[in-house]
Each structure stands twice: as structure tokens, then as C-alpha cells.
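Student: Take this structure, written in C-alpha cells, and hold onto it; I'll ask about it next.
There are 2 protein chains.
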Amino acid sequence: MRKTFLFMDTIVNKVDAKGRVSLPSDYRAIVKELSTEIVCYRSLTSPCIEGCAEELLEKIAADMETSLDFFSQTQDDLTNLIFGDARRFSFDSTGRILLSEKLLKHAQITDTAVFVGKGRKFQIWNPENWAKEEKRIRQEIMKNRPSLSMKGGTNR
Amino acid sequence: MRKTFLFMDTIVNKVDAKGRVSLPSDYRAIVKELSTEIVCYRSLTSPCIEGCAEELLEKIAADMETSLDFFSQTQDDLTNLIFGDARRFSFDSTGRILLSEKLLKHAQITDTAVFVGKGRKFQIWNPENWAKEEKRIRQEIMKNRPSLSMKGGTNR
DNA sequence: AAAAATCCCATGTTATACCATAAGAGTAAG
DNA sequence: CTTACTCTTATGGTATAACATGGGATTTTT
């Protein structure tokens, strides 16, 4: 029935002493709908955790297979890094995943996690870091607004 | 059968204490017709809520996926901004959606909401703000088309 | 055996589905 | 042209289901 699967919204959830966090229910719905799994890895560019449906990584792998020439060496390396770091995180009957020490440390998350939707992907941030990052992005986007409105042209 | 999907007209509805508003029936018809969902987010440029069919965001996500710019910084920022703020708002059997505190605050809406159609998108305004905005827009148009205003003025 | 991971139950909170009434818009009959 | 009726829509209130989260029990790993 649902044809779309977009990770959206910004949701704040508690992380308990064991490292458990509720995956936002919308995200869980996507996983169920696609009968896939959530995959997480350390972001290559930011102090946050990045996640997506396992499906997406398969798509990327397939793309690399068929169009190696179009990927630069750098992108190839980056992709390797992600695959090397990524792991499945399945949620229990109450909808929680258990984040690993490695990921929590990289994102500096202790007791609160902020889930930020990115369409096909999502990110998990420490609240303070996300507040700063959001501010930075808004300033950055406003600076480059002309090009943004150009991109809005895809709306038609 | 022709599938039209243009958000039009200006409709004023009450917002109750819980933040519930009736989605204009025309809008609901569009959602049903396209079997999609309504997605809302804070306008980047105005103190109002902006909404569209989820389909539209899906298109944007698809564009980004195929752009090969999987690791571009700008794209990263954009997806955070768009999808991080957007959320699905499905309506109940009586046609109401529950607007979030974040959105209501951004648009300064308390007890009344004005829905303004914009084609593929629509906006939700606080009544006073919308009155000002509409006035501003009309003045702007008259400024840029003096000949039009002369014609209308003398003849009627 | 100790530690870690997974599962299961309990609770407060919140969102959503449902019911009921009121208000209009439109239609048909008088 | 007016009145009565029907149907859709808007809105208030309430009940129910879903969710996040704490705590503990059970299983698996090492």
C-alpha cells in the first residue's frame, strides 16, 4: 500500500544505560514495509551515526558493479569505508535497537539521541551537536539560496 | 478520468486546543486521488507552514539518489534541511490533522489557520500574517505592472 | 561464571480513531 | 420564491490504541 519510504522528521529519544534506543515508529514502519533491516555506520563527514535500509546499500553495490567508470577512486574508497563499518541493527518487540559502543562514542551520544530524517537515509546525533549543525546548515543554505531555488525546479 | 492535483483557493479553519485542524475537503480529495499523504514543514522564507503531497518529496529523493553526488556536501545539507523538518500528517475519519507545536509556533498560529493554495504546494498562515502578506504581494505586482494598474483603474 | 545481548511485562503519556452535534451548501418540492 | 429536506463538511468531546521507556527475566557468548 505504501509506495514511499522516506526517513523524515526530527525525533528525540532517550538512550538507556544499556545503550538501547527506540527507533522512531515511522522508521520501523518503513523497515517492515520493505521487509529489510536497518543498517548503521559512522558518518564519514560528521560526528554522527548514519543509517539506512539495507536495501539502499545493495543498490549502491549494484551501481558500483555496473558503472565503475563513473565513480571516482575517492568515492570508491569512501564506499568501501562505509561497507567496512556498516552493521545490521534489528529492533526488538518494543521497537528498540542496541547501539554499539563504537557508534555512540563517535557521535558523542550518552543519554539522548536525535534522529534526523534525510530521505533515503537518516542520522543520529547528540542533541547539542545537532543544534549546532542545524544552525550551520540554515546559514549555509541561506547564503546559497539562488541555487537552492533552482533545484526547487524539480518540483514541477 | 483526469487526475488533477492542484492545491487552490483560500480556506479558513479553526484550530482546537489540541492543535487539530480540518484539512480542506478539496485537499483531502487530492490525497485520496493520488493515494499519497500530506507532508508539512516550516517554510524556509516565511512565517508559515508549507505542505505538499509526499509524492513530491519522493521525487526529490529519487533525483538525489541518481545524481551520483552521493557524497556531496551541499546535497547532504539540503537533505538534512528538507527531510529533517518534514513530517507526514495523515487525517482521521473526520478529515483533521494534528499540527505539531513546532509548526504552529513557527507560523504563529493559535486558534485559526488559513490554507492558501499554491498549486503543487500549499501554505498555512496565521490570519493576520496572511492578510499582510497578501497585501504585500498585491502591491508588489502593481509596482511591477504599472500599465496594468492604469487600465484597471480608469475603466472601473 | 560473568558479561552482554535479547526478550518480555508494566506504566505513563500521547496521538489517533470514533461518536455526536452543529453549521452550511445545495437540491427538490411546494 | 420560499420552505423543507439531504448531504457534505467542520468542530467539540471522548475512548482507544500506539508509543516510548523503565525494569527485570531469560538466553547467548566468551
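Here the protein sequences come in this chain order: A and B.
Position 4, counted from 1, in the first sequence is what the working numbering calls 4; the numbers after and before it change by one each time, with no gaps.
Position 109, counted from 1, in the second sequence is what the working numbering calls 1109; the numbers after and before it change by one each time, with no gaps.
Virtual Cβ for every residue (Gly too), placed ideally from N, Cα, C.
Which one or two residues does DSSP pair with tryptophan 130 (chain A) in a beta bridge?
Tutor: DSSP lists no partner for tryptophan 130 (chain A).
Student: So what's glycine 19 (chain A) in DSSP terms, helix, strand or just coil?
Tutor: Note: glycine 19 (chain A) maps to coil in three-state DSSP.
Student: Give me the Cα-Cα distance between asparagine 126 (chain A) and threonine 66 (chain A), rounded to the nearest whole angstrom.
Tutor: Cα-Cα distance, rounded: 37 angstroms.
Student: List, in chain order, every chain A residue whose beta-carbon is nearer than 9 angstroms to that of methionine 1064 (chain B).
Tutor: Going along chain A in sequence order, the residues near methionine 1064 (chain B) (Cβ under 9 angstroms) are Gly119, Arg120.
Student: Check whether the Cβ atoms of cysteine 52 (chain A) and arginine 120 (chain A) sit closer than 9 angstroms, and answer yes or no.
Tutor: Going by C-beta atoms, cysteine 52 (chain A) is nearer than 9 angstroms to arginine 120 (chain A).
Student: Which chain B residues are close to threonine 112 (chain A), counting only those with a beta carbon under 9 angstroms from its beta carbon?
Tutor: Near threonine 112 (chain A) there are no residues of chain B at all, since even the closest Cβ is about 17 angstroms away, more than 9 angstroms.
Student: For the segment 1003 to 1067 of chain B, list the alpha helix (DSSP H) runs that are entirely contained and at least 4 residues long, ordered along the chain.
Tutor: Listed in chain order, they are 1025 to 1034, 1054 to 1066.
Student: Counting C-beta neighbours from all protein chains within 10 Å, is the total for methionine 8 (chain A) 16 or more, i.e. buried, or is it exposed?
Tutor: By the neighbour-count rule (16 or more Cβ atoms within 10 Å), methionine 8 (chain A) is buried.
Student: Give a yes or no on contact between the segment 14 to 34 of chain A and the segment 57 to 65 of chain A, applying the rule of three or more CB pairs nearer than 8 angstroms.
Tutor: The segment 14 to 34 of chain A vs the segment 57 to 65 of chain A: no contact.
Student: Look up glycine 95 (chain A) in the DSSP assignment and say whether it is helix, strand or coil.
Tutor: DSSP places glycine 95 (chain A) in coil when its eight states are reduced to three.
Student: Cα separation between glutamine 139 (chain A) and glutamate 133 (chain A)?
Tutor: Roughly 10 angstroms separates the two Cα atoms.
Student: Spell out the partners DSSP gives alanine 1113 (chain B) in its beta bridges.
Tutor: Per DSSP, B:Asn1013.
Student: Would you check if there are 3 or more beta carbon pairs closer than 8 angstroms linking the segment 1087 to 1096 of chain B to the segment 1027 to 1042 of chain B?
Tutor: Segments in contact, yes.
Student: Indicate whether at least one CB of chain B lies closer than 9 angstroms to the CB of valine 116 (chain A).
Tutor: Output row for valine 116 (chain A): interface = yes.
Student: Could you give the first and the last residue of the continuous beta strand (DSSP E) run that contains glutamine 1123 (chain B)?
Tutor: Its beta strand (DSSP E) spans residues 1121 to 1125.
Student: Under 9 angstroms, Cβ to Cβ, is there at least one residue of chain A near aspartate 1077 (chain B)?
Tutor: Yes, its Cβ sits closer than 9 angstroms to a Cβ of chain A.
Student: Can you check whether the C-beta of glutamate 134 (chain A) is within less than 9 angstroms of a C-beta belonging to chain B?
Tutor: Chain B contact via Cβ: present.
Student: Taking just the CA atoms, how far does phenylalanine 115 (chain A) sit from asparagine 13 (chain A)?
Tutor: Whole-angstrom Cα-Cα distance: 8 angstroms.
Student: Note down the Cα distance separating lysine 1143 (chain B) from leucine 1023 (chain B), rounded to an integer number of angstroms.
Tutor: If I take the Cα positions, the gap works out to 34 angstroms.
Student: For the alpha helix (DSSP H) containing glutamine 108 (chain A), list its first residue and its last residue.
Tutor: Where glutamine 108 (chain A) is concerned, there is no enclosing alpha helix (DSSP H), given that its DSSP letter is neither H nor E.
Student: Put arginine 1136 (chain B) into one of helix, strand or coil per three-state DSSP.
Tutor: Here arginine 1136 (chain B) sits in helix by DSSP.
Student: Among the residues of its own chain, which have a CB less than 6 angstroms from the CB of threonine 36 (chain A), if the five just before and after it don't count?
Tutor: Closer than 6 angstroms at Cβ, skipping near neighbours: Ala53, Glu54, Glu55.
Student: Out of curiosity, what's the CA-to-CA distance linking alanine 113 (chain A) and alanine 1113 (chain B)?
Tutor: Rounded to the nearest angstrom, the two C-alpha atoms are 33 angstroms apart.
Student: Would you kindly work out how many angstroms separate the C-alpha atoms of isoleucine 1038 (chain B) and tyrosine 41 (chain A), rounded to a whole number?
Tutor: Isoleucine 1038 (chain B) and tyrosine 41 (chain A): Cα-Cα distance of roughly 31 angstroms.
Student: Between leucine 6 (chain A) and glycine 117 (chain A), what straight-line distance do the alpha-carbon atoms span, to the nearest angstrom?
Tutor: Whole-angstrom Cα-Cα distance: 8 angstroms.
Student: Output needed in chain order: residues of the segment 11 to 45 of chain A with a Cβ under 9 angstroms from some Cβ in chain B.
Tutor: Within the segment 11 to 45 of chain A, the residues whose Cβ lies closer than 9 angstroms to some Cβ of chain B are Asp26, Leu44, Thr45, listed in chain order.
Student: Glycine 1084 (chain B): buried (16+ other C-beta within 10 angstroms of its C-beta) or exposed?
Tutor: Classification for glycine 1084 (chain B): buried.
Student: Are the beta-carbon atoms belonging to leucine 81 (chain A) and leucine 34 (chain A) less than 9 angstroms from one another?
Tutor: Contact flag unset, no.
Student: Using only the alpha-carbon positions, how far apart do asparagine 1129 (chain B) and leucine 1104 (chain B) sit?
Tutor: Looking at the two C-alpha atoms, the distance is approximately 13 angstroms.
Student: Note down, in chain order, each residue of its chain lying with its Cβ closer than 7 angstroms to the Cβ of aspartate 111 (chain A), except the 5 sequence neighbours on either side.
Tutor: So the qualifying residues of the chain are Lys14, Val15.
Student: Taking phenylalanine 157 (chain A) as part of the alpha helix (DSSP H), name the residues at either end of that continuous run.
Tutor: In the structure as shown, chain A begins at 1 and stops at 156. Residue 157 (chain A) is therefore absent and cannot be evaluated.
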